[in-house]
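Here the sequence shown stands for residues 1357 to 1636, numbered as in our numbering.
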Amino acid sequence: MSLLTSLTYVLPHRLLSSLARKLAYSTSPGTSRWLIDTVTKKFNVDLSEAANPDPRSYPSFNAFFTRALKPGARVADPDPRALLMPADGHISQCGPIEDGRIFQAKGQSFTAAELLGDAAAAEPFRNGLFATVYLSPRDYHRVHMPWTGTLRETVHVPGRLFSVGTDAVANVPRLFARNERLVCHFDTDFGPMVSVMVGALLVSGVETVWSGEEIPAYGTAITRKDYRGKGITLERFAEMARFNYGSTVIVLLPPGVATLAPELQAESPVRLGKRLASLA
């Protein structure tokens, strides 16, 4: 375990994330330019795909970080039976949910019930599939729909804000089930589907297209919002949410409805719109 990962056990996660948020939203030209230049150089950010490729034109670091892509920079897999990758990034892990347990790293797992904050809601996914996608600081930070779905409920589950880097994922038990997260439940033509937006150290802001900013405020208890009857349907490949600084999205599918794309494995680079799975 690295020193940084060890330190995250004692660091004031929410205080640090709140301070990072103030810097990210600062419209001071000196602050925003320094942050944008630092991240662009350190992580080799490719702005040629951005709808606005001029780093000096963004009023804040957060505006830069949540930037849109130019039309056509990402396209959906043309196979109408392909479920789509929800984001740019890397596969952290993917595979079967084994009797309700989701693999995190060697020797590490957590339950779907822990992740969703609800044992009953996790039951339809007991022996289904999962894919965990890590969004690095260089990636496009908007999350899209793998498949057309109607929003049923969101659940804000309070928690810590551990780093979600490789060392932390390998060494912090049940990390994704401990971090602050927004669980988004959708009804689809094949049954339920879940996308979980997981926060992380310095990376705790989540906005959705239907409600705006969801996190922060940070939670002290599980909070549910019922969207049944509201008619919020998002099409396959449509934008769903965004991270105000990147993190991790986890997709859960019920058993028997799809097979994961065979080329996917841990640490595989992935791009929004490519095939995540194929309907059975």
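Using N, Cα and C, we set each Cβ at its ideal position, and we do this for glycine too.
- The alpha-carbon of LEU1517 is positioned some 20 Å away from that of ILE1447.
- Cβ-Cβ distances below 7 Å link ALA1469 to GLY1456, ALA1475, ALA1478 in the same chain, with the five nearest sequence neighbours on each side left out; the list follows chain order.
- With respect to the C-alpha of ALA1524, the residue from PRO1436, PRO1502, LEU1557 having the closest C-alpha is LEU1557.
- Here THR1467 has GLY1456, ARG1457 as same chain residues with Cβ atoms under 6 Å from its own Cβ, once five neighbours each way along the sequence are excluded.
- For the 7 Å CB-CB criterion, GLN1449 and THR1488 form a contact.
- Here DSSP, grouped into helix, strand and coil, assigns ARG1437 to coil.
- Residue pairing by DSSP places HIS1500 opposite GLU1595 in a beta bridge.
- Short of 7 Å from the beta carbon of THR1383, and not among the five residues preceding or following it, lie these beta carbons of its own chain, in chain order: PRO1415, SER1416.
- Comparing alpha carbon positions, the residue from TYR1490, GLY1587, GLY1463 closest to PRO1529 is GLY1463.
- Distances from the alpha-carbon of VAL1626 to those of PRO1452, THR1576, ALA1443 put ALA1443 closest.
- Taking a cut-off of 8 Å on C-beta distances, the region 1489-1506 touches the region 1588-1606, as three or more cross pairs fall below it.
- Excluding residues up to 5 positions away in sequence, CYS1450, GLY1451, LEU1485, ALA1487, LEU1632, ALA1633 lie with their Cβ nearer than 8 Å to the Cβ of LEU1616 in the same chain.
- If you draw a straight line from the Cα of ALA1533 to the Cα of ARG1494, it comes to about 25 Å.
- Beyond the five residues adjoining it in sequence on each side, ASN1400 comes within less than 8 Å, by CB distance, of ARG1494 in the same chain, given in chain order.
- Beta-bridge analysis with DSSP links ALA1533 to no other residue.
- Considering only LEU1491, PRO1385, PRO1610, PRO1514, the residue with the shortest C-alpha distance to SER1413 is PRO1385.
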